[in-house]
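Position 567, counted from 1, in the sequence shown is what full-length UniProt numbering calls 567; the numbers after and before it change by one each time, with no gaps.
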Amino acid sequence: MPPRKVLFLASSNHDAGLTSMALGLVRALQREGLSVAFSKPISQSPIGARGTSDPSVAFARDLCKLPVTGTLPLSRAKDLIAAGEMDALMDEVVDLLDELNGDHDILVVEGLVAVETDTLALPVNAAMCRALGADLVPVVNANRPSADDIGDLVRRVARQFGNAEESTDVEDGYAGILVNKVSAGTDPDQLQGLMQADLGPNLPVLGTIPFNSSLYAPRLQEMVDALNLTVVNEGAMAAGRVSEVVVAARSVELVLPTLANGALLVTPGDRADICLAASLAFLNGTRLAGLLLTCGNRPDTIVTETMKPAVEAGLPIFLATDDTYHVAAQLAKLDCHVSADDSHQMERVISFIADRIDVSSLLKRIGAPSRSLLSPSAFRHQLVQLARGADRRIVLPEGEEPRTIAAAIKCAEKQIARCVLLGAPNRIAGKAAKLGLSLPSNLEIIDPASIRTRYVAPLLEMRKHKGLTLEKAQEQLEDTVVLGTMMVTEGHVDGLVSGTIHTTADTVRPALQLIKTQPGAGIVSSVFFMLMPTEVLIYGDCAINPDPSAQELATIAIQSAETAIAFGIEPRVAMISYSTGGSGTGSDVEKVRDATRLAQSLRPDLLIDGPMQYDAASVESVGRQKAPDSAVAGRANVFIFPDLNTGNTTYKAVQRSAGVVSVGPMLQGLRKPVNDLSRGALVEDIVYTIALTAIQAGTQNAPAVPTAQAV
């Protein structure tokens, strides 16, 4: 079945960032729950790019998890055009769409990139747009003087694409306009308003994207390869990027103010003053991308020895044989396209653009999604939005751990939560500087020593029935997890996230002892959010309860369904076992059968079914065969496993074998939220766990009333 709407993106002028904008639009549409497919009908290597293959399709498939069509080689297109066979080329382009299986709300098609030295893109793009019956979305490079100029450019594109010949309305056949690379001196929102006023209400400006140099920063290795440099000291080169180039042609006092994070300092190797200044700046927290020595000169031995601390701290140093002028000229020509193998950077680019695109006008054209989907990108976006709306205060007991610091900074910058780092302020500041990060003013840092005494009396009161003494209470509060848990218990923060350097038991035990379970919950359980390519699944319990009883299993099912609802997922709960329906016997399957009946009786408003094998729950064809009368079989999105062994094994098998990203575990059943991290958690994992915790807190309790003072 063909898609309900085809959007054709074409660049209106040179270097508009067509691939980035196309995938940013895809991500914005996915966040609205739309089913999106992608096509780049004619493969095209980016001009000057370091790779030889067009990365558009690979990025669409790997980062956006999209169904994609095949591509035609550019050489094939050129041959057909040279032979006067444009219609034959269009027939082949249309045939590509037959490869799409299933019903998609939108097909996003990326046209040929406009190149100053080639006139092929315009006629081919116009022909493809007409052949596919697509609505056009011009992508404009905003490196132009005014909104009026951009409006004139759009009108010219309309004539070139043939739209204006058939209608006096420039907006006829247009879905909207995307404007990229708005310069730092121009306010993107103001530009969008001026353009919208100029073009009229029927031709929506979908987004004006500011230029962000960090998104176009090439990797140091790419610079080394392009300029054929010698690596003198590798240091932090593997993760380094060049966001700006500083040529040290002046005195050192004039160069120093120009040094910044991500700057590559270019200087002749005999400029000892500049080399030493770069070393000192690096040691003092300015994370230079590197030091590039020119003219084939290395510093004298005495200078090299003085630079040794910076070298050991990771300052990358490179050597070029050319003089400074020629090196600077080569750097100015360095390709800034995102390489086909640079998925991390492209993910940043896509998210940055998607955050700044408003697809509301497109949704009015398209209508409601054909079915409700929650893709991984839509889920992550929803997490951030829900967490922002909750506006909760989350304590991080491992406040001096580098990943935790980086995650807290991200949360503060994105307003995901009001994080509180527990730790010595000077140590946290020092570690942030080593990471090349600045501590935002809205990030709270609390020295544990400054607040510990105020929680001694409440802890004694809560644990006096266990014989807790004053000395033991003071000793327990030396543990920042216990201290943070007391902050949650007393209502001074809304939730807690820990686990990068503490075990699960270290995190969960204080919560069970001090926060305790919700009324009627009985047990604490956990879920993982499994971010499958096209939807989000919930697995429970894969982390806490080794062998739950039938009653506990029913509780876990209900808790997990309620979690799904809280996160915008309509739950269809499958109680997993080794047999489906009434076919199996034995105590294990009977436990699941009893749990299913109990959960159904307690919550008849929820879709819960079982016992059910995993394939019967997840694969529609198998579900129809094994459980034809079930409303859950083949469509389950909440999977409740009979024991920890089964749940944890399945979670890890799916995660590893299918390369699935997971978020969690998220604990359920506590009066106030506490969540555990894997000790191998990445910064992104911590950020999303903080978001989960903030959302939980927002659904459970009124906001905390802080009494501890930030340092």
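Note that beta-carbon positions come from the ideal geometry of N, C-alpha and C, so glycine has one too.
Annotation for P210: the continuous beta strand (DSSP E) segment containing it runs 205 to 210. Nearest neighbour of V359 by Cα position, chosen from R130, G84, V26, turns out to be V26. The Cβ neighbour count for R593, taken over all protein chains shown within 10 Å, is at least 16; the residue is labelled buried. In the three-state DSSP reduction, K672 falls in the coil class, being neither helix nor strand. If the five residues before and after A691 are omitted, its C-beta is found closer than 8 Å to the C-beta atoms of L383, V384, L386, A387, C411, I416, A417, all from its own chain and listed in chain order.
If you check the CB distance, I428 and L435 do not come in under 8 Å. Contact annotation: the segment 660 to 671 does not touch the segment 574 to 583, with fewer than three C-beta pairs closer than 8 Å. When Cβ pairs closer than 8 Å are counted between the two stretches, the segment 496 to 514 is seen to touch the segment 397 to 410, the count reaching three or more. The beta carbons of I538 and V638 sit about 5 Å from each other, so the pair counts as a contact at 8 Å. Shown here for A328: same chain residues with a beta carbon closer than 8 Å to its own, the five before and five after excluded, namely V245, V247, V266 in chain order. Remark: three or more beta-carbon pairs, one from each stretch, lie closer than 8 Å, so the segment 558 to 570 and the segment 531 to 547 are flagged as touching. In the three-state scheme derived from DSSP, where H, G and I count as helix and E and B as strand, Y174 is classed as strand. For I350, no beta strand (DSSP E) segment is defined; the enclosing uninterrupted segment is the alpha helix (DSSP H) at 343 to 354. A check of alpha carbon separations from G698 across V687, R679, P673 identifies P673 as the nearest. Between the segment 60 to 78 and the segment 29 to 48, the count of C-beta pairs closer than 8 Å reaches three or more; the two stretches touch. Per DSSP, G647 is not a residue of any beta strand (DSSP E); the alpha helix (DSSP H) it occupies stretches across 644 to 657. Between Q668 and Q513, the C-beta spacing is not below 8 Å. Take the alpha-carbon of R393 and the one of A217: they are about 34 Å apart.
One alpha carbon belongs to V140, the other to S450, and they sit about 54 Å apart. Counting the other Cβ atoms within 10 Å of the Cβ of I302 gives fewer than 16, which makes it exposed. About 6 Å separates the beta carbons of S361 and G176, which is inside the 8 Å limit, making them a contact pair. The C-alpha of V124 is placed about 10 Å away from the C-alpha of A131. In this structure, I569 lies away from V527, with their beta-carbon atoms at least 8 Å apart. Counting along the chain, I405 sits inside the alpha helix (DSSP H) bounded by residues 402 to 414. Distance check between D105 and each of V6, F641, S630 places V6 closest, using alpha-carbon atoms only.
Given a length threshold of 3 residues, each whole run of the beta strand (DSSP E) inside the segment 556 to 628 is given here in chain order: 572 to 576, 607 to 612. Within the segment 489 to 529, the complete alpha helix (DSSP H) segments at least 4 residues long are 504 to 510, listed from N- to C-terminus. Contiguous alpha helix (DSSP H) elements confined to the UniProt domain "DRTGG" (223 to 332) occur at 252 to 255, 272 to 283, 301 to 312, 324 to 332, taking only those with 4 or more residues. By a beta-carbon distance limit of 8 Å, M486 contacts L459. Their separation comes to about 6 Å. A distance below 6 Å between beta-carbons, with the five flanking residues on each side excluded, links E552 to the following residues of its chain, in chain order: I523.
Taking C-beta atoms as the reference points, E110 and S56 count as a pair closer than 8 Å. For Y539, the enclosing beta strand (DSSP E) begins and ends at 536 to 540. In the DSSP assignment, V6 falls outside any alpha helix (DSSP H) and within the unbroken beta strand (DSSP E) covering 5 to 11. Around the beta carbon of T453, fewer than 16 other beta carbons sit within 10 angstroms, so the residue counts as exposed. For T306, same chain residues with a beta-carbon under 8 Å away, outside a window of 5 residues either side, are L276, S279 in chain order. Ranked by Cα distance from A408, the options L439, A424, A390, D391 are led by L439.
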